[in-house]
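Visitor:
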Amino acid sequence: MKTLTAGESLDIEVGSGLAPYVEATALRLGYAEQLFSVQTDGSRFRVTARAPFDREAIERRIAHALYREKIRVESAPLRARFLELLSQR
Amino acid sequence: MNVWPLRFTDVGRDALLFCDEAGGFFRSDDAFLERYANDILTEADRDFLLAGGHSFEEEGDRHHVGFAARWAKRQFVPGPLEYIILVPTLRCDLACRYCQVSRVNANARGFDWNEATLNAVLALIDSLTSERIKIEFQGGEPLLRLDLLSRVRDFCRRRFRSAEFVVCTNLQKVSEEAWAFLAAADTFVSTSFDGDALTHTRQRTLDPAQTATFLSNLERAMTTLGTGKVSALPTIDPDNPPAPDAIIAGFARLGLRSIYLRPVNYHGFARKRFGQGDQQLWNAYYDRFIDALIAYNAHAAEPMEEFYFTHCLRRIFRAGHHGHVDMRNPNILGADYLVIDHDGTLYPTDEARMMTRIGQMDLSIGSVFGGLDQEKLQILNANSDNNFHEDCGQCVFQPFCGVDVIDDLSRYGRIDLSRHETAFCRRHTALFTRIFELIYTDDAATRRSLAAWLGVPAFDPALAPVHK
Ligand code: SF4
Chain A
0 MKTLTAGESL DIEVGSGLAP YVEATALRLG YAEQLFSVQT DGSRFRVTAR
50 APFDREAIER RIAHALYREK IRVESAPLRA RFLELLSQR
Chain B
0 MNVWPLRFTD VGRDALLFCD EAGGFFRSDD AFLERYANDI LTEADRDFLL
50 AGGHSFEEEG DRHHVGFAAR WAKRQFVPGP LEYIILVPTL RCDLACRYCQ
100 VSRVNANARG FDWNEATLNA VLALIDSLTS ERIKIEFQGG EPLLRLDLLS
150 RVRDFCRRRF RSAEFVVCTN LQKVSEEAWA FLAAADTFVS TSFDGDALTH
200 TRQRTLDPAQ TATFLSNLER AMTTLGTGKV SALPTIDPDN PPAPDAIIAG
250 FARLGLRSIY LRPVNYHGFA RKRFGQGDQQ LWNAYYDRFI DALIAYNAHA
300 AEPMEEFYFT HCLRRIFRAG HHGHVDMRNP NILGADYLVI DHDGTLYPTD
350 EARMMTRIGQ MDLSIGSVFG GLDQEKLQIL NANSDNNFHE DCGQCVFQPF
400 CGVDVIDDLS RYGRIDLSRH ETAFCRRHTA LFTRIFELIY TDDAATRRSL
450 AAWLGVPAFD PALAPVHK
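Respectively, the protein sequence lines represent chains A and B.
So in numbering that gives the first Met the number 0, spot 24 of the first sequence is number 23, and the numbers just go up one at a time.
So in numbering that gives the first Met the number 0, spot 413 of the second sequence is number 412, and the numbers just go up one at a time.
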């Protein structure tokens, strides 16, 4: 298990299936994440630790954030339809 | 099959907590997340999700309708105005350390309702459409104006089918006439007791003799009025808190079973000091307090609770548990409850009254003479729900959580901060994280406390679903 020291960076590649969600994920992590900063070129993340941080934990956090964004986008029509139905009642 | 959007959070190594927007939750792992997010669910996943109410086959089927009903029940829909906080006087005979803004000296003039204000208050109460009313008398020290309290109570008893009164008093000087007033079956007492005599003296009376008087009045209230009619709330200074065990023992000794811990409510400059670091300090103390309660309840014949923890726990298991005005979603202000100040000014909450009083921001919403300022209320209520908030929308705790616009305004002067930067969010993230930790523990003592707090005979492990 490798720990990133404060200021150290790590590049995380993103599979093509999650590429559409990279920008929004980076934007969100940019303001919500306290422990590291995030930059992206659209297909991968460059993560820089603000404090010592376990590398695997960072990778897991990034994966979770990507999945959250994917779920949000893909379930938006279902959610919108649900709210539309409710507003008709 | 359609799966309702699931939010999730990391709750340990390869463990994730999932929750849908209607508040249905379960624990699973990263492998399930990958199957769900990539739409490669197994048969077992599908069965589990359908049985748990997290999915439906067709619009309008029982799973769909059931979810809609559960979702709707989680939304707070305000009823008619029937809970009013009245401040008939700002005068008080104590000068508690952190209460400079909400009181004036007992002999000050011009800080009580005059006859015109009283009449306007009664006219406003008379105009309500509800058949029942709850009046909370605050101050200052309301018992300094027993005459006003009596007139309001007499009026409400005549006017409403059911009326309930709470007197928020420091129980410092209670005349025999006041004891008689408090003895009525429809009248309740709420007081502050900071857990032990030393802390109470340091924070409130500054005089051990006065503290002794208070404690003997509190004991008298418990014995003569009855335990069910008295509540006492400790105010905690996170920089110098009493030991949790001392508070629990102090309350238990008095026969009080519910403790509502409140951090010192600083205002203005003092609040700036109570910043992010102190929020962590508070969360850590609160955690220790819950541990101490669980340890106490493991052997106690009569279990004890922390009121807000129990409230939030119940919000998880019971949709529609909206009984706390600071913790609802949407949190519509100026609808079902209202604060009326000593000069007849209306406020949406007591916090809003404080903010206005110190000149931080005018959050008054009208007066008893001119009615509600609907335009201002609309502005305040435009951001009163968390369903569509960017941050809350990705938060696993959203269905159980709430919104407190006034708290955000009070602390930051704005409401557009990232939620995670707000004290409200940090507090509730910590609180719900802790509650779910307890829900998923198999420790017998913890389960005993959970059952007591939920009001069930035993905590059924089925209440904590897991899917692998
Ligand atoms: S305020 Fe915080 S804890 Fe509450 S729902 Fe929003 S993001 Fe979640």
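The beta-carbon is built from N, C-alpha and C at its ideal position, and this holds for glycine as well.
Computed from a predicted model, the values in this text were never measured in an experiment.
1. Look at the alpha carbon of B/L16 and the alpha carbon of A/G16, and state the distance between them as a whole number of angstroms.
2. Beta strand (DSSP E) containing B/R6: first to last residue?
3. Three or more C-beta pairs closer than 8 Å, one from the segment 235-248 of chain B and one from the segment 189-200 of chain B: is that the case here?
4. Step through the CB atoms of chain A and report whether any lies within less than 8 Å of the CB of B/N385.
5. In terms of alpha-carbon separation, which member of B/L214, B/S257, B/P460 and B/L49 lies closest to B/K482?
6. Is there contact between the segment 70-77 of chain B and the segment 127-136 of chain B, where contact requires at least three CB pairs shorter than 8 Å?
7. For A/L82, does the three-state DSSP call read helix, strand or coil?
8. For a test of your reading of the model: does the CB of B/N282 fall under 7 Å from any non-hydrogen atom of the ligand SF4? Yes or no.
9. How many angstroms separate the CA atom of B/L170 from the CA atom of B/L143?
10. Given B/F368, which residues of its chain have a CB within under 7 Å of its CB, disregarding the five upstream and five downstream residues?
11. Mind checking the segment 332-350 of chain B against chain A and listing, in chain order, the residues whose C-beta falls within less than 7 Å of any C-beta there?
12. Would you verify that the beta carbon of A/R66 is, or is not, closer than 8 Å to some beta carbon of chain B?
13. List the residues of chain A that B/L197 touches, going by C-beta distances under 8 Å, in chain order.
14. Less than 8 Å between the beta carbons of B/E163 and B/D146, yes or no?
15. Ordered along the chain, which non-local residues of its own chain (more than five positions away) have a Cβ less than 6 Å from that of B/V338?
16. Note down, in chain order, every chain B residue with its Cβ under 7 Å from the Cβ of A/S74.
17. Pull up the DSSP beta-bridge partners for B/F17, would you.
18. What runs of the beta strand (DSSP E), each 3 residues or longer, lie entirely inside the segment 56-144 of chain B?
19. Helix, strand or coil: which one does DSSP assign to B/Y285?
20. Let's test the definition: count the other Cβ atoms within 10 Å of the Cβ of B/A211 and tell me whether it reaches 16, buried, or not, exposed.
21. What's the gap between the Cα of B/E218 and the Cα of B/S230?
22. Looking at the C-beta of A/K69, does it have a partner C-beta in chain B at a distance below 8 Å?
23. Just list the residues that DSSP pairs B/I258 with in beta bridges.
24. Can you give me, in chain order, the residues of the segment 28-46 of chain A that have a beta carbon less than 7 Å from any beta carbon in chain B?
25. When you compare each of B/F66, B/M0, B/E57 and B/A67 to B/T41 by their alpha carbons, which one comes out closest?
Guide: Reading off the structure:
1. 24 Å
2. R6 to D9
3. yes
4. no
5. An answer regarding residue 482 of chain B cannot be provided, because it is not within the stretch 0 to 467 covered by chain B.
6. no
7. helix
8. no
9. 11 Å
10. A119 and G343
11. none
12. The sequence shown places Tyr at residue 66 of chain A, rather than the Arg named in the question. Closer than 8 Å to some Cβ of chain B, the Cβ of A/Y66 qualifies, so yes.
13. Correct list: empty, because the minimum Cβ distance to chain A is about 37 Å.
14. no
15. I84, Y346, D349 and R352
16. P4
17. B/F7 and B/F25
18. 82-85 and 131-136
19. helix
20. exposed
21. 12 Å
22. yes
23. B/E305
24. Y30 and A31
25. B/M0
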